[in-house]
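Asks: Please see the structure below; I have some questions.
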Amino acid sequence: MSTTATVPSGPAGPGGSTASVPTAEKPTTDIVRHWTTPIALAVLAAVSLAIFALTASGKSATFRISTDADAIHIPDIVVPTIAAGWTITFLLAALAVWGFLQVRRSGTVSGWVSAVFAALFVAGFLVWVVGAANTTTVFLTGLIAGSVTLAIPLIFGSMAGVLSERAGVVNIAIEGQLLAGAFTAAVTGSVTGSVWAGLVAAVVAGVLVSVLLAVFAIRYLVNQIIVGVVLNVLVAGLTSFLFSTVLSSNSSALNSPPHFPSIRIPLLADIPIIGPILFDQTILGYGMYLIVIALYIGLFHTKWGLRVRAVGEHPKAADTVGINVIRTRYINVLLGGAVAGMGGAFFTLVSSSSFSKEMTAGQGFIALAAVIFGRWNPIGAFFAALLFGFTTNMQYVLAILGTPVPSQFMAMLPYLVTVLVVAGLVGRSRGPAAAGSPYVKE
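Once you know that position 63 of the sequence shown is 63 in UniProt numbering, the rest is easy, because the numbers rise by one and skip nothing.
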C-alpha cells in the first residue's frame, strides 16, 4: 500500500518560504509513501496488546543462562509476564507510531525500526508462551544454540542467493542445490567412509545444479524463475527415485555417512550464551561464519565486489567500462552453487544420520526469503536466517515445555514468517535492478 505526494522544492524565499518562486517555474518532487510497514507494525502491536498483555498468565518466566557445571555462573533471569507484556506492548506501539511519522516525513520506515520491533515482538512472545507453559523455565543458551544450528543450512543457502542475485541472476534453485548436496554427501561419505569426500561431493553437486541454471538462464536466456523451479522439481524427483530404488535396499553401505565432530575451543566455549554458539561447532559451523564475513567484505570492500554489484545493477554500463558481464554472472552463480552444496552437506554430515526423501523440506525457499529480508546483504541475510532458525527451534522447545500453543501453529510458524517477509510486511526491500533480466551484448 503506497501513496504519492507532490511537494515543492527549490530556492526558498525570505524566512524559509518558497512563495517568492513563481508557481510555473517551481520544481516539484514526488515522494512515494509506503504505508504497508507501519500498518503491519500497528496490527502486530494490537496483537501484542491482546495476547502478551491482556492474556498474560500472571506467572514469571525463568530464563536460565548457565548451569551449575559452567565455569562462569550467571543468575537466572526471572521476568514477570504481566509487567513484560505491558512494557513490550507500549514499546511496540511507540515504534509503530514512529513508523507512521517516518513514512509521512520521508516515505519509508528505517530498517532499524523493523529490526528492533521484531526483536521486541519475539521477546514478548517468548515471555508469554514460557510463562503459560507447564514448565516455566527454559535454558536460554540451549534455545539460542539450537536455533543457530538449525539456521546453518539456511545461512549457506541465503549466501548462495546473495552471490547469484548480486550479479543479476535470481537463484530459485537453492532448494535443489541443498537437496543435491545432501544426497551426494550421504552417498559419497558412505561409500568412501570419509566425511571430507562427502563434503567435496556435495560442493560438486551444488555446482552442477548451478551449471544448468547458468547455462539456461545466461546463455539461452530462459526465464530464470522457470529454470529454477524446474531444477528444484528435477532434483527432488531424481533424488527420491534413487533413494527408493538404490539407497533403501542397501542403506548400510550407501546411506550411512560419517559425521563431522564438534570442535570445542577450551575456555572460549565456556563463555555463557555466545560460547557454545561461536566456539563449539563443527567445521561447517565455523566455515559458515567465515563465508558470511568473507562475502560481506568481498562485496562491499573489494574491487571484485564493486564489479559484481555493477553487473547486478546496470550490466550495460558495466560492460561499457570493460567488465565481462557474462563471465561475472557465470562465476557468481557457480560460487553460489558451491556454497549451497555445503549447506546441503550439513543435513547428512552433521544434523541427520542418513538421507531421506526431500529432507530439505522447503528450506531453500526460506533461504531465498532470508535474502529478501536481509536486503541482499550478507549480514542482513545472516540475521534473517537466524530468525527463521529460531522460529523452527521454538516448536521443538515449546512442545517439551507443554505450552497452550497448538503444535500445528508452531510447525507452520517458519513458513508464516516467510510469507510475511516476501509480502513486504516487515519493510520494503529493493533488490539489484537487473536481477532476473537477461543480458545480451550488443
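The C-beta atom is built at its ideal place from N, Cα and C for all residues, glycine as well.
Do you know whose CA, among ALA345, SER164 and LEU268, lies nearest ASP308's CA?
Replies: A quick correction: the sequence has Val, not Asp, at residue 308. Looking at the Cα atoms, SER164 is the closest of the given residues.
Asks: How is the alpha helix (DSSP H) around ALA182 delimited, first residue to last?
Replies: From DSSP, the alpha helix (DSSP H) with ALA182 extends over 174-192.
Asks: Report yes or no: do the segment 273-289 and the segment 298-307 share at least 3 C-beta pairs separated by less than 8 Å?
Replies: No, because fewer than three Cβ pairs between the segment 273-289 and the segment 298-307 fall closer than 8 Å, the two stretches do not touch.
Asks: Determine the closest residue to ASP280 out of PRO266, PRO378 and VAL292, with distance taken between C-alpha atoms.
Replies: Of PRO266, PRO378 and VAL292, the residue nearest in Cα terms is PRO266.
Asks: Determine whether the beta carbon atoms of ALA42 and VAL203 lie at a separation below 8 Å.
Replies: Not a contact, by the Cβ cut-off of 8 Å.
Asks: Please classify ALA24: does DSSP put it in a helix, a strand, or coil?
Replies: Because ALA24 carries a pLDDT of 49, less than 50, the predicted location of this residue cannot be relied on, and no value is offered for it.
Asks: What's the gap between the Cα of LYS441 and the Cα of GLY312?
Replies: About 15 Å.
Asks: Strictly by DSSP, which residues pair up with SER248?
Replies: Answer is none; SER248 lacks a bridge partner.
Asks: Taking the alpha-carbon of THR239 as reference, which of PHE183, VAL215, ASN223 and VAL229 has the nearest alpha-carbon?
Replies: The residue with the shortest Cα to Cα distance from THR239 is PHE183.
Asks: Please find out if some non-hydrogen atom of the ligand MG comes closer than 7 Å to the beta-carbon of VAL169.
Replies: Of the ligands one can find in the structure shown there are none, so the ligand MG has no counterpart to examine.
Asks: Mind checking SER262: buried by the 16 CB within 10 Å criterion, or exposed?
Replies: With fewer than 16 other Cβ atoms within 10 Å, it is exposed.
Asks: Which full runs of the alpha helix (DSSP H) of 4+ residues lie inside the segment 246-314, going along the chain?
Replies: Here the runs fully enclosed are 251-254, 274-279, 283-301 and 303-313.
Asks: Could you tell me whether the Cβ atoms of GLY228 and ILE291 are closer together than 8 Å?
Replies: Not closer than 8 Å, so no.
Asks: The alpha helix (DSSP H) spanning THR137 covers which residue range?
Replies: First-last for THR137: 137-139, but that is the beta strand (DSSP E), not the alpha helix (DSSP H).
Asks: For the 8 Å Cβ check, are there 3 or more pairs between the segment 189-203 and the segment 403-417?
Replies: Taking 8 Å as the limit for Cβ pairs, the verdict is that the segment 403-417 does not touch the segment 189-203.
Asks: For ALA24, which residues in the same chain have their Cβ closer than 7 Å to its Cβ, ignoring the five residues on either side in sequence?
Replies: Caution applies to ALA24, whose pLDDT of 49 falls short of 50 and renders its modelled position unreliable; the value that the coordinates give is listed next. No residues qualify anywhere along the chain.
Asks: Mapping DSSP to helix, strand and coil, what is SER114?
Replies: Correct three-state label for SER114: helix.
Asks: Among LEU49, LEU398, SER66 and ALA345, which has the Cα closest to the Cα of VAL129?
Replies: Nearest C-alpha to VAL129: LEU398.
Asks: Can you tell me whether GLY402 is buried or exposed, with buried defined as 16 or more other CB within 10 angstroms of its CB?
Replies: Exposed is the call here.
Asks: Quick one: is ASN134 buried, meaning 16 or more other Cβ sit within 10 Å of its Cβ, or exposed?
Replies: By the 10 Å Cβ count, ASN134 comes out exposed.
Asks: Once you ignore the five residues that flank SER57 on each side, which residues in its own chain have a CB closer than 7 Å to its CB?
Replies: Same-chain partners within the cutoff: THR81, GLY131 and ALA132.
Asks: Can you tell me which of the three DSSP states PHE156 falls into?
Replies: Here PHE156 sits in helix by DSSP.
Asks: So what does DSSP say about ALA133, is it helix, strand or coil?
Replies: Of the three classes helix, strand and coil, the one that applies to ALA133 here is coil, per DSSP.
Asks: Cα-Cα, which of LEU234, TYR396 and GLY206 is closest to VAL333?
Replies: It is GLY206 whose Cα lies nearest to the Cα of VAL333.
Asks: Kindly indicate which residue of ARG430, THR62, ALA294 and ALA310 has the alpha-carbon position closest to the one of PHE139.
Replies: When each option's Cα is compared against that of PHE139, the closest is THR62.
Asks: Pick helix, strand or coil for ILE323, following the three-state DSSP scheme.
Replies: It is coil, neither helix nor strand.
Asks: From TRP304 to ILE323, what distance separates their C-alpha atoms?
Replies: Rounded to the nearest angstrom, the two C-alpha atoms are 10 Å apart.
Asks: By how many angstroms is the C-alpha of TRP86 removed from the C-alpha of ALA434?
Replies: Their backbone Cα atoms lie some 45 Å apart in a straight line.
Asks: Find out if the Cβ-Cβ distance for the pair LEU101, LEU44 is shorter than 8 Å.
Replies: No; because the gap between Cβ atoms is not below 8 Å, this pair is not in contact.
Asks: So who's on the other strand from HIS73, going by DSSP bridges?
Replies: DSSP lists no partner for HIS73.
Asks: By the three-class DSSP mapping on this structure, what secondary structure does SER351 have?
Replies: In the structure shown, SER351 sits in a helix (DSSP, three-state: H, G or I).
Asks: Would you mind stating whether ALA160 and ALA370 have Cβ atoms separated by less than 8 Å?
Replies: It is not a contact, given that the beta carbons lie outside the stated cut-off.
Asks: Given a cut-off of 8 Å on the beta-carbon distance, is the pair GLY99 and THR37 in contact?
Replies: Yes.
Asks: Select from ILE366, ILE226 and ARG219 the residue whose C-alpha is nearest the C-alpha of VAL419.
Replies: Considering only alpha carbons, the answer is ILE366.
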